[in-house]
Amino acid sequence: MKKFKKAAVLCMSMVMALSTACSPSTPVKETAKAEGAEVSKKTEPATGEKQKIVFWDKSEYIKEYNTIMAQKCKEFTEQTGIEVDYVIVPPNDIKQKIMAGIEAKNVPDLIVGDDALCAQFVTMDQIADVADLNAKLELTDTAKNIALLNNKEMLTPLAFLAPGMYWRKDVWEEKGLKEPITWEELKEQAKKVNDPKNGFYALGFPMGASGGGDAEGFMRSVINSFGGVVVDADGKVTVNSKETLEALKYVASLFEEGLVPPDAITWDDMGNNNAYLAGTVGVIFNSGSVWSALEKENPELLAKTQIIAYPAGPSGKTFVPGGSNVFATFKNGKNPEGAKQLAAFILNDKPAYQELVEAMNGMWQPVTAGSDETDFWKQPANVGWLANSKAVVRNFHPAPADEYAQQAFANQVCVKAMQKIIVNKMDPQKALDELEADVIAVYKDRK
Amino acid sequence: MVISKKSKVIKYGLTYGILGISLIFTLFPFYWMVKSSLTINKEMYLPRPQLIPTTITFDHYISLFKETQFMRNMYNSLYIATITTVVCLVISILGSYALTRLRFPLRKFLGQSIIVSYLLPTAVLFIPMYVAVSALGFNDNKNGLLIIYPTFVVPYCCYMLNSYFKAVPYSLEEAAMIDGCNRFMSMVKVVLPIAAPGIAVVATFAFTMCWNEYLYALIMTTSPLQQTVTVGISSFKFSDHAIWGLIMSASVIASLPVVILYVLAQSWLISGHADGGVK
Amino acid sequence: MFFKIDKNSIVQTDKIVGILFIIPAAIVIFGIMGIPFLRAVYLSFTDKVVGRPEEFIGLQNYITLFKDMTYWKVVKNTIIYTTGGVGVKLILGMILALVLNQRFVGRGFFRTVLLLPWALPGMVAAMTWRWMYDSTYGIINSILLSLNIIEMPIPWLSLPSITLYTVMVVNIWRGVPFFLFSLLGGLQTIDGQMYEAAYVDGAGAIRQFFAITLPSIGNILKITTLLSLIWTFNDFENVFLVTGGGPLYSSSVISTYTYDLALIQNSFGASLAAAVSVVPLLIMIIFLSAKAKAN
């Protein structure tokens, strides 16, 4: 060991010595070589300057997506001469990486992320206005709506991620029950199919404040369909209403009566996926990601699953809060113009764009006009997703799309109120009062 | 310890009893990991999971090796962890020797401030840290970790080595110096051999700390060619869906090098103990 | 002393050698760590938000924080998590180290196997435990149910009164090996003859432990405990991935709380204030342990 250590020390010092000894000599060599290179470099700007962009794309469960995207980047380089550094980043990691990058003034030029995440970077004053880019695209009206933040077009939609209500048809039918139309009905049926002793809970509704959007999105959808309005279209905080109170009481009762797995209160966004795949819950709200996982991993469970319409509130209102994947262009990146060019290149090549979206197997829905006119979207399995994507409203609807709405959603105000009722047994009205105070705290600076 | 023969039976009973319980507690999560890595996707989640899988598959391992860059990640981790460990050991052996054996200005202050790097949680420190390291020009470069990791490995090594070095009687060194050894020689010839089992423990744990680090590695590296195992494993989690088969098989593979290291260190430790009568 | 004459020159060379030897470590600590550390401390006195320039606001962050009940709950959790976790790890580690220091069949096997939890990346361990804990598809509840120990699954991850202990178990599981092997390393440097002598003097096992074992490894014990205290204090992945600190901060500790403030609520200044606010506590621990060492 002693000898080994000595040898190791020796090796290390040799490496160090070598590297220090070599470093002065290498630049000399390089300058000698570089002269030739410099000539060609200098000539290049005349013909079209050598540009580069860094593009961080989401890694997707369906690999074809990333393959197609990489191919598109290559084609883009061939056509424009702009080099693309195509990097695949897992979506769970991207926020930390971007935030560190922002502080170090070292951000990519273009990213793909979900709209809620990218909106946060807009709030941080990092994203370029893309009105000029969006004008070149044939976005549908619903898609244009997503692009807006603080009355400016800050994001460029790539695809919708319409949600669906996953429903275990077999379990319901076993008890002679039909698909639920209202929230109240859903609860009554849930009581009948619930079987916690055998590890089966009727409802897989997430309620963890994990920072993912699932739980808050669920809360907003219940509150809205009960007629509650967290913040109205004028930006006024109107959450403290009879309707919201009813919605809170309703959700709390699902937990108190044991219709939801107790752990749901600490679920992150994977929680409901896992539980559904395990067959331990009967209903979840999710994008197509569970669908594609079922297709790949558990076709038998898929056969027992049906995607049905969202339940309606007492007045018959339904609310389908949806997400989307968007491009965001960093204004402090090295080449925001190049980034916009690439986004336009991807979205404007219709056949390629259709191929890209369809590779996601229904989980993504197109944002440009006419892209849904293919046979793919006429297949029964995909019709529902497409229809849902056209009804998508943003999570904080009807509040004006601004940084306050976004921040209130990110702070998971409704989830926290619900947790107080369920965990701390707080009186619902008191929780609602505190919820109102939380929202007002976010909105206090709004003019 | 020396105990009478009569109580020997009780002692062995107790020994194996304690070990048996700890063994179950220790190994169960590993069993679950290995079991999951061999489970087919359809049975990955079950409402009432069973201890023993009904069918076994190696598909997850096959796709891990064929379809992912995980072996590249393994190499990167090995590279980072080895270099960091060796460099940190050298730095810390020198530092600890100075702190425990030599008198020089600011010694007390330095000795206590070494722990300073542990005072703020990584969960927030990573952003200022990234700003500093990327200012040095490290950007999507695993070598940036070679700069960051010593900040938490060196304090650990120094603290542990301090106590091992202190246990070495000063008289032995004095004797060596009278024989004509200088400080460096007496450190290498007297202190290090006696403290060797301790150094081995420190080295093994230092390696493990680097191998298992996640947050800094995530921030520093972006392309799979630069990423380490922990980041690689976490990339098998998509937005809201985890590929458990890949995560678990990758975890099994990722723990192998460290386990091998432990086995090697173990056999060395035991023999080190056998001729530990140096003292 | 044989070398009275040389003493001065030895002190002199020791000084130079000492400084030379400590320089690399000092560079790592102050050079690399210093700037980010000081910047973090500075930012805790500002209204820093990622992406925007900061403004100095004095103690405002701290005042807001100290008025927040959640903060105090988190501090309390952190103290329970740290002292409880380290205490259990220390006791278990000590028992196992003593057991493994004996000669018996299979010793090498146990020594390696009991180290395994430390070999597993914390992130993987946390994810695996979370899965095992789950109230509907987790194996722990499944086993307890099939053994008829419980009638209904225990919601390990969501019952506010137990979630903190749920995450502590994972921390203990992963942390015992560190104690075990540091202490074992210490035990091995003890001269066996000392026990022989004690035995001849009629000292029993317990007296041998307190008279010989404990004093001999006292230093290692203190260092190990200190390091473990600090690591446990700042443990992040574990809590974050098992319960996320929830529900309603019932298992939240300082490190996850700061993460929540910084990355989810985007108030970086406040988050750093929370992190810095506990530094005095840590310094106190270090100071006390340094004092204990001196005695």
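Top line first, the protein sequences correspond to chains A, B and C. Heads up: the first sequence at position 30 corresponds to 1163 in the working numbering, and the numbers run straight through without jumps. Heads up: the second sequence at position 143 corresponds to 124 in the working numbering, and the numbers run straight through without jumps. Heads up: the third sequence at position 177 corresponds to 360 in the working numbering, and the numbers run straight through without jumps. All C-beta atoms, glycine included, are put in the ideal place defined by N, C-alpha and C.
Return yes when the Cβ of residue j is within less than 8 Å of the Cβ of residue i, no when it is not.
i, j, result
"B/L327", "B/Y56", "Since the displayed chain B opens at -18 and closes at 260, residue 327 of chain B lies outside it and no answer follows."
"A/V1240", "A/I1227", "no"
"C/L424", "C/A309", "yes"
"A/Y1198", "A/S1422", "no"
"C/V353", "C/W312", "yes"
"B/L133", "B/V172", "The residue you asked about is not Leu; residue 133 of chain B is Phe in the sequence shown. Contact flag unset, no."
"B/A246", "B/T185", "yes"
"C/R222", "B/P109", "yes"
"A/P1339", "A/N1407", "no"
"C/S341", "A/P1395", "yes"
Just reading off the beta strand (DSSP E) that residue i is part of, what are its end residues?
i, result
"A/G1456", "1456 to 1462"
"A/V1217", "1216 to 1222"
"A/Q1184", "Counting along the chain, A/Q1184 falls outside any beta strand (DSSP E), and DSSP gives it neither H nor E."
"B/Y195", "Run containing B/Y195: none; DSSP gives neither H nor E here."
"C/Y432", "Run containing C/Y432: none; DSSP gives neither H nor E here."
"A/F1418", "1414 to 1419"
"A/W1300", "1297 to 1301"
"A/Q1439", "1438 to 1441"
Quick check: what's the CA-CA separation for residue i versus residue j?
i, j, result
"C/V462", "A/A1538", "35 Å"
"B/S144", "C/K198", "21 Å"
"A/L1519", "A/E1491", "11 Å"
"C/T407", "C/F419", "19 Å"
"A/M1403", "A/E1470", "36 Å"
"C/V200", "B/I159", "18 Å"
"C/K272", "C/S435", "20 Å"
"B/S248", "A/D1347", "51 Å"
"A/K1563", "C/G427", "25 Å"
"C/R357", "C/W301", "5 Å"
"C/N284", "C/F364", "10 Å"
"A/G1345", "A/F1460", "19 Å"
"C/M315", "B/V169", "48 Å"
"C/S325", "B/R29", "6 Å"
"A/T1176", "A/G1466", "Because A/T1176 carries a pLDDT of 37, less than 50, the predicted location of this residue cannot be relied on, and no value is offered for it."
"B/I61", "B/L237", "16 Å"
"C/S192", "C/T372", "33 Å"
"B/S58", "C/S344", "39 Å"
"A/V1161", "B/L117", "Since pLDDT at A/V1161 reaches only 34, below the 50 mark, its modelled position is unreliable, and the value read off the structure follows with that caveat. Each residue's alpha carbon lies about 22 Å from the other."
"A/G1350", "B/F90", "53 Å"
"B/G201", "A/Q1498", "First, the residue type needs correcting, since residue 201 of chain B is Met and not Gly in the sequence shown. One C-alpha to the other measures close to 34 Å."
"A/E1321", "A/R1527", "29 Å"
Anything in chain B within Cβ reach of residue i, meaning under 7 Å, just list it in chain order.
i, result
"A/A1233", "F107, I108, Y111, I200"
"C/L410", "Y137, Y140"
For a contact meaning CB atoms closer than 9 Å, what does residue i contact in chain C?
i, result
"B/C162", "Going along chain C, no residue has its Cβ under 9 Å from B/C162, so there is no contact; the nearest lies around 12 Å."
"A/V1393", "The contacting residues do not exist; A/V1393 stays about 10 Å from chain C at best."
Could you list which residues in chain C have their beta carbon closer than 7 Å to that of residue i, in chain order?
i, result
"A/D1402", "Within chain C, no residue comes near A/D1402; the closest Cβ sits about 11 Å away, beyond 7 Å."
"B/Y243", "T295, L298, A302"
"B/A235", "P304"
Could you work out which residues of chain C lie near residue i, taking near to mean beta carbons separated by less than 8 Å?
i, result
"A/K1228", "L446"
Against residue i, what residues of chain F qualify as contacts under a CB-to-CB distance less than 7 Å, listed in chain order?
i, result
"C/S454", "As a matter of chain content, chain F is missing from the structure shown, whose protein chains are A, B and C."
Kindly list, in the order they appear in chain A, the residues whose Cβ is closer than 7 Å to that of residue i.
i, result
"C/L340", "D1396, T1399"
What does residue i touch in chain B if you count any residue whose Cβ is under 8 Å from its own?
i, result
"A/N1431", "N22, K23"
"A/N1239", "S115, N120"
Would you give the residue range spanned by the alpha helix (DSSP H) that residue i belongs to?
i, result
"A/D1247", "Taken as a continuous stretch (DSSP letters only), A/D1247 belongs to no alpha helix (DSSP H), being part of the beta strand (DSSP E) at 1243 to 1247."
"B/A157", "151 to 159"
"A/T1289", "Careful: A/T1289 lies outside any alpha helix (DSSP H), inside the beta strand (DSSP E) at 1289 to 1294."
Show which residues of chain A have a CB atom less than 8 Å away from the CB atom of residue i.
i, result
"C/G429", "G1341, A1342, S1343, I1398, T1399, Q1552"
Is the beta carbon of residue i within less than 7 Å of some heavy atom of the ligand ATP?
i, result
"C/K256", "As for the ligand ATP, it is missing from this structure, which has no ligand bound."
Would you list, in chain order, the members of the region 200 to 214 of chain B that have their beta-carbon closer than 7 Å to a beta-carbon of chain A?
Taking 7 Å as the Cβ-Cβ cut-off against chain A, the residues of the region 200 to 214 of chain B that qualify are I200, T203, S204.
Which residues of the region 294 to 321 of chain C have a Cβ closer than 8 Å to any Cβ of chain B? Give them in chain order.
Cβ contacts with chain B: R294, T295, V296, L297, L298, L299, P300, W301, A302, L303, P304, G305, M306, V307, A308, M310, T311, W312, W314, M315, T319, Y320, G321.
Residues from the region 432 to 445 of chain C in contact with chain B, defined by Cβ distance under 8 Å
Hits within the stretch, in order: I437, S438, T439, T441, Y442, A445.
Taking a Cβ distance cut-off of 9 Å, strictly less, list which residues of the region 1192 to 1219 of chain A are near chain B, in chain order.
For chain B, the residues of the region 1192 to 1219 of chain A that bring a beta carbon within less than 9 Å of one of its beta carbons are S1192, E1193, Y1194, K1196, D1218, in chain order.
With 7 Å as the limit, tell me which residues of the region 1552 to 1568 of chain A have their beta carbon closer than that to any beta carbon of chain C; keep them in chain order.
Identification of residues in the region 1552 to 1568 of chain A having a C-beta nearer than 7 Å to some C-beta of chain C yields Q1552, K1553, V1556, N1557, given in sequence order.
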